[in-house]
Amino acid sequence: MSLEQTLILVKPDGVQRGLTGEIVTRLEKRGLKIVGAKLIRPTRSIAEIHYAEHVGKPFYESLIGFITSGPVLAMVIEGERAVSISRQTIGSTDPAEAAPGTIRGDLGLTVGRNLVHGSDSTERGKEEIAIWFDQLEIIEFEQTMEPWIIES
Ligand code: DAT
Ligand code: MG
Numbered sequence: 289m290s291l292e293q294t295l296i297l298v299k300p301d302g303v304q305r306g307l308t309g310e311i312v313t314r315l316e317k318r319g320l321k322i323v324g325a326k327l328i329r330p331t332r333s334i335a336e337i338h339y340a341e342h343v344g345k346p347f348y349e350s351l352i353g354f355i356t357s358g359p360v361l362a363m364v365i366e367g368e369r370a371v372s373i374s375r376q377t378i379g380s381t382d383p384a385e386a387a388p389g390t391i392r393g394d395l396g397l398t399v400g401r402n403l404v405h406g407s408d409s410t411e412r413g414k415e416e417i418a419i420w421f422d423q424l425e426i427i428e429f430e431q432t433m434e435p436w437i438i439e440s
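Have a look at this one:
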């Protein structure tokens, strides 16, 4: 068993296109559990902290401009291997290369509008959750269907 938490953002394009429900549904249907969720209009400062690894890259300024351009739905998602499973469901960074059946592969077209963010490691997951959420905003609860998703 490797129960993990990861940070997922439905980016401004996903919210503006009315795809929030579709994106959340795909992650929920996979068996992942939402333990925190809020709509936020990111400030430049939170965007800079979140995307610090990309400072100096050619797309950095447009990335910051994009993520701060409208509300995002920030979520903490929990589940067995939640980091890698959610990244798999999200698909490759460039929607043109993302497999059909993934969120980006089915709903996206270009890398600058790729709909959703997911942490890329368990360590980054912890760091990113701390950037976007207070501990009190994360709700631990049991779903009665869990034995039907995870063999104990
Ligand atoms: P991911 O979001 O799949 O973890 P990443 O961390 O490498 O990808 O990059 C963060 C975001 O930056 C990505 O979702 C979209 C944008 N981005 C990455 N590479 C890019 C590129 N070559 N051109 C434009 N935007 C890019
Ligand atoms: Mg990344």
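In the working numbering, the protein residues as written are 289 to 440.
For glycine and all other residues, C-beta sits at the position ideal for the given N, C-alpha and C.
Within a Cβ cutoff of 7 Å, which residues of the same chain sit near Arg328, ignoring the five residues on either side of it in sequence?
With the sequence shown as reference, residue 328 is identified as Ile, and Arg is not the correct amino acid for it. Answer for Ile328: Pro359, Val360, Ala362, listed in chain order.
When you compare the CB positions of Gly379 and Ala370, do they come within less than 9 Å of one another, or not?
no
Where does Leu403 fall in DSSP's three states?
In the structure shown, Leu403 adopts coil according to DSSP, grouped into three states.
Is Val364 buried or exposed, if buried means 16 or more other CB atoms sit within 10 Å of its CB?
buried
Determine the DSSP secondary structure at Gln293, reduced to helix, strand or coil.
strand
Taking only three categories from DSSP, how would you classify Lys321?
strand
If we ignore side chains and look at the alpha-carbon of each, how far apart do Glu292 and Glu366 end up?
Linking Glu292 to Glu366 through their CA atoms gives a straight-line distance of about 6 Å.
Mind checking Glu430: buried by the 16 CB within 10 Å criterion, or exposed?
exposed
Gly367 - DSSP class collapsed to helix/strand/coil:
strand
Select from Gly302, Lys317, Gly400 the residue whose C-alpha is nearest the C-alpha of Glu349.
Gly400
Run the CB neighbour count on Pro300, radius 10 Å, all protein chains shown included, and call it buried at 16 or more, exposed below.
buried
Determine the contact status of Glu416 and His338, defining contact as a CB-CB distance below 9 Å.
yes
Environment of Pro330 [buried if 16+ CB atoms lie within 10 Å]
Pro330 counts as buried, since at least 16 other C-beta atoms from the protein chains shown sit within 10 angstroms of its C-beta.
Kindly identify the DSSP beta-bridge partner or partners of Ala362.
Leu297, Lys326
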